[in-house]
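Following: one structure in structure tokens, then a few remarks.
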């Protein structure tokens, strides 16, 4: 079982973000960056299926600057066998990232191509399907669990109001969400071993961006709440405000 897992470096979910002076990016100084949480599900899925098969290889790939090597080391510490950093200048948008990934992956042998369902910084949810389209392989998104048998993948997907089961021929691409694959913690042994595992760095060109960030701004401040009374006696006043001011009744 050979799996490729595409991962991304993102700000920690607990980080307090500030808009940089150019009003187009986030100030990176003092911000902790981590392996995208949805990508952790993908790494764990690849490791679980390699262990179930009894042999195989898990390769982690990331597109970004030199700092993304730290993110790949996290995947290696979890158990990935090797990693590739496709170094680009600046921040590449989704389609450009998909093109870089597809160019690297098309020359590789693999059974599964795994992604997180989305990155928490841009919420795009499209890099996985776009990469699959460029490679000409089938894809399923928002997968919570899957099984492999006889060269085919049976994937369980989250859909609004229900659950869907789809079957794909291999090789195929899956974007993973929370479900059966709870990410493991990197052990001290895994962290030490990650320092010796292969991490190849290659120069890559993302090409022209199809999407441009023009400006970032903070959300408008919320108005202070109002207390109209307490208990049942406050109901008439609340209804009057909802009807005359909020106009929701």
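In our numbering, the protein residues as written are 9 to 257. Glycine residues also receive a C-beta, built at the ideal position from the N, C-alpha and C atoms. Keep in mind it's a predicted model, so treat the numbers as computed, not measured.
As summarised for the stretch 111-158, the continuous alpha helix (DSSP H) elements at least 4 residues long and confined to that stretch are 135-143, given in chain order.
Cβ contact annotation for residue 52 (same chain, cutoff 8 angstroms, sequence separation greater than five): 86, 189, 190, 191 and 192, in chain order. Excluding sequence positions up to five before and after residue 39, its CB lies within less than 6 angstroms of the CB of 19 and 23, all in the same chain and listed in chain order. DSSP places residue 190 outside any alpha helix (DSSP H), giving it a letter other than H or E. When secondary structure is reduced to three states using DSSP, residue 235 falls in the coil class, being assigned neither helix nor strand. The closest CA to that of residue 147, considering only 137, 156, 155 and 154, is found on 137.
Remark: C-beta atoms of residue 183 and residue 126 approach each other more closely than 9 angstroms. Secondary structure of residue 9 (DSSP, three-state): coil.
Cβ atoms of residue 109 and residue 180 stay farther apart than 8 angstroms, at about 15 angstroms. Rounded to whole angstroms, the separation of the alpha carbons of residue 241 and residue 253 is 19 angstroms.
In the three-state reduction of the DSSP assignment, residue 219 falls in the coil class, being assigned neither a helical nor a strand state.
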